[in-house]
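Notes follow once the structure below has been shown.
Residue numbers (the numbering used here): 4 to 503.
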């Protein structure tokens, strides 16, 4: 099967747009991102770049150490994409004259004419037109619109002009669910490496988008690698200056995260830092949230992610209002994340050191690896015993590494899961007691000293360590550092939960 040369590029793009905007793919943003990547490479004539390694690094955030033999993420996800396309064209997309196919054994999408059913009863009903496109409602809407315009013209001299404002819908009727905004981004929607959808910039007043004045010259956004970033996507755009956000939200309680990074002011060649180069205040619903805030000092340096977390946040009169006021060099914001949470406590953080989410036997979701710096992922392919959730122990992060968890104030319980799947008489690393020793620290305290997984549990057997009363530092973080003593430190999964 080959792509038909007589199918125009415009037709192929239209076929892709129809798929991406469908209900079937709106429920699978990660697959939509993968399909768009593959098609755009094809449209640009760069089919030679459609390789497993390129997909793994560009779409799924793998690094240059990615190995196809030990990481099957691309093969698994492309297989899921093929099945989702078949389902789409069997139902919602049955009306389309062109279909997208990814033949087995290749990752290159192809476009082929679709034979439409001759029996009208066999064709699934077309989606209903939006209400504003129906004849009667369109006429009513037009009449109302003309009335509003006329009223605005008659009264324009009696009303002050409003400041430029991104469109703000009424709070009533706003769909419940997370709201994630990439400050300064002009993209309507983006999908991060976790398959989570982020909206482009909206609901703001003031500030500048992705450029600023420096030394009398207008500068563009610097593209830098941001340390500690769960995904570089969050830090590719920004809003700068003095500005506000007024975000419509249904009544309820929310967890809020604000994402910052300092990428303009950089350390000197003599090792001086960038403290006291950018200072600003942040208020939420009119109350101080961050005072005299210095991103670089808070994060521990430039080009470093700084994520501040807040809980039990409620909208006021249907809106969450955030004000950013410059003191020195302009306020700065990269992203806003708002997640519904009516529990009264911060949501748990559960991380499994692999690149897929895992649901345990109790129904808890363990999300793929994030918040780390250093170390590497690996799987020895061994199944751990002594646990109801062996999938949590299939992979590990090993080496010399640290996890940095952004959390609101409070006390937390840390749970660390381990299994020795490399060292031991029946494992490929051989050895036994004394083969792997490491320390674990948090907040200046030693949690584990000279810890041996093998000595604690034997080979291929799960063991957990639980620590209570951990508190975030002044920067709103709980850091957990793994330090090798003999061979490498290792951990399989981590859980951080708020204490009552």
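Backbone N, C-alpha and C define an ideal beta-carbon position, used for all residues, glycine too.
Using three-state DSSP, classify residue i as helix, strand or coil.
{"i": "residue 53", "result": "coil"}
{"i": "residue 494", "result": "strand"}
{"i": "residue 76", "result": "helix"}
{"i": "residue 254", "result": "coil"}
{"i": "residue 468", "result": "strand"}
{"i": "residue 241", "result": "coil"}
{"i": "residue 235", "result": "helix"}
{"i": "residue 444", "result": "strand"}
{"i": "residue 40", "result": "helix"}
{"i": "residue 390", "result": "coil"}
{"i": "residue 423", "result": "strand"}
{"i": "residue 506", "result": "The chain is shown only over 4 to 503; residue 506 falls outside these bounds and no answer can be derived."}
{"i": "residue 150", "result": "Here residue 150 scores only 47 on pLDDT, less than 50, and its place in the model is too uncertain to base an answer on."}
{"i": "residue 284", "result": "strand"}
{"i": "residue 29", "result": "helix"}
{"i": "residue 396", "result": "helix"}
{"i": "residue 97", "result": "coil"}
{"i": "residue 58", "result": "helix"}
{"i": "residue 110", "result": "coil"}
{"i": "residue 90", "result": "helix"}
{"i": "residue 13", "result": "helix"}
{"i": "residue 269", "result": "coil"}
{"i": "residue 197", "result": "coil"}
{"i": "residue 459", "result": "helix"}
{"i": "residue 82", "result": "helix"}
{"i": "residue 487", "result": "strand"}
Whole angstroms are fine: how far does the CA of residue j sit from the CA of residue i?
{"i": "residue 167", "j": "residue 110", "result": "Low local confidence applies: a pLDDT of 41 at residue 167 is under 50, so the model's placement there is unreliable, with the coordinate-based value given in what follows. Approximately 45 Å between the Cα atoms of the pair."}
{"i": "residue 460", "j": "residue 108", "result": "43 Å"}
{"i": "residue 486", "j": "residue 403", "result": "5 Å"}
{"i": "residue 94", "j": "residue 457", "result": "53 Å"}
{"i": "residue 115", "j": "residue 52", "result": "22 Å"}
{"i": "residue 426", "j": "residue 470", "result": "26 Å"}
{"i": "residue 207", "j": "residue 190", "result": "15 Å"}
{"i": "residue 75", "j": "residue 464", "result": "25 Å"}
{"i": "residue 165", "j": "residue 256", "result": "Because the pLDDT of residue 165 is 33, which lies under 50, any placement of that residue in the model is unreliable, and the question is left without a value."}
{"i": "residue 386", "j": "residue 430", "result": "11 Å"}
{"i": "residue 326", "j": "residue 280", "result": "20 Å"}
{"i": "residue 333", "j": "residue 246", "result": "10 Å"}
{"i": "residue 195", "j": "residue 358", "result": "13 Å"}
{"i": "residue 497", "j": "residue 233", "result": "16 Å"}
{"i": "residue 56", "j": "residue 319", "result": "48 Å"}
{"i": "residue 479", "j": "residue 343", "result": "20 Å"}
{"i": "residue 180", "j": "residue 481", "result": "27 Å"}
{"i": "residue 268", "j": "residue 372", "result": "30 Å"}
{"i": "residue 401", "j": "residue 466", "result": "16 Å"}
{"i": "residue 27", "j": "residue 79", "result": "19 Å"}
{"i": "residue 209", "j": "residue 244", "result": "8 Å"}
{"i": "residue 492", "j": "residue 500", "result": "23 Å"}
{"i": "residue 178", "j": "residue 113", "result": "Bear in mind that a pLDDT of 48 at residue 178, under 50, signals an unreliable position, so the number given afterwards is only what the model happens to contain. The alpha-carbon atoms of residue 178 and residue 113 are separated by roughly 36 Å."}
{"i": "residue 239", "j": "residue 184", "result": "12 Å"}
{"i": "residue 299", "j": "residue 389", "result": "45 Å"}
{"i": "residue 248", "j": "residue 235", "result": "23 Å"}
Label residue i either buried or exposed according to how many other C-beta atoms from any shown protein chain fall within 10 Å of its C-beta, with 16 as the threshold for buried.
{"i": "residue 100", "result": "exposed"}
{"i": "residue 143", "result": "Bear in mind that the predicted position of residue 143 carries a pLDDT of just 45, short of 50, making it unreliable; the figure below should be weighed with that in mind. The residue is exposed, with fewer than 16 neighbouring Cβ atoms inside 10 Å."}
{"i": "residue 157", "result": "Legend: pLDDT at residue 157 = 38, less than 50; position of this residue unreliable, value from coordinates given subsequently. It is exposed - the Cβ of residue 157 has fewer than 16 other Cβ atoms within 10 Å."}
{"i": "residue 503", "result": "exposed"}
{"i": "residue 204", "result": "buried"}
{"i": "residue 309", "result": "buried"}
{"i": "residue 454", "result": "buried"}
{"i": "residue 273", "result": "exposed"}
{"i": "residue 103", "result": "buried"}
{"i": "residue 295", "result": "exposed"}
{"i": "residue 3", "result": "It is not possible to answer for residue 3, since the shown part of the chain is limited to 4 through 503."}
{"i": "residue 317", "result": "exposed"}
{"i": "residue 409", "result": "buried"}
{"i": "residue 438", "result": "buried"}
{"i": "residue 475", "result": "buried"}
{"i": "residue 29", "result": "exposed"}
{"i": "residue 258", "result": "buried"}
{"i": "residue 187", "result": "buried"}
{"i": "residue 305", "result": "buried"}
{"i": "residue 452", "result": "exposed"}
{"i": "residue 226", "result": "exposed"}
{"i": "residue 193", "result": "buried"}
{"i": "residue 420", "result": "buried"}
**Item:** Inter-stretch contact (C-beta, 8 Å, three-pair minimum) for the region 363-377 and the region 321-337
**Value:** no
**Asked** Touch check for the region 346-356 and the region 281-295: three-plus C-beta pairs under 8 Å?
**Response** no
**Request:** At 4 residues or longer, and completely inside the region 293-373: list those alpha helix (DSSP H) runs for me, N to C.
**Result:** 298-302
**Asked** Three or more C-beta pairs closer than 8 Å, one from the region 411-423 and one from the region 372-381: is that the case here?
**Response** no
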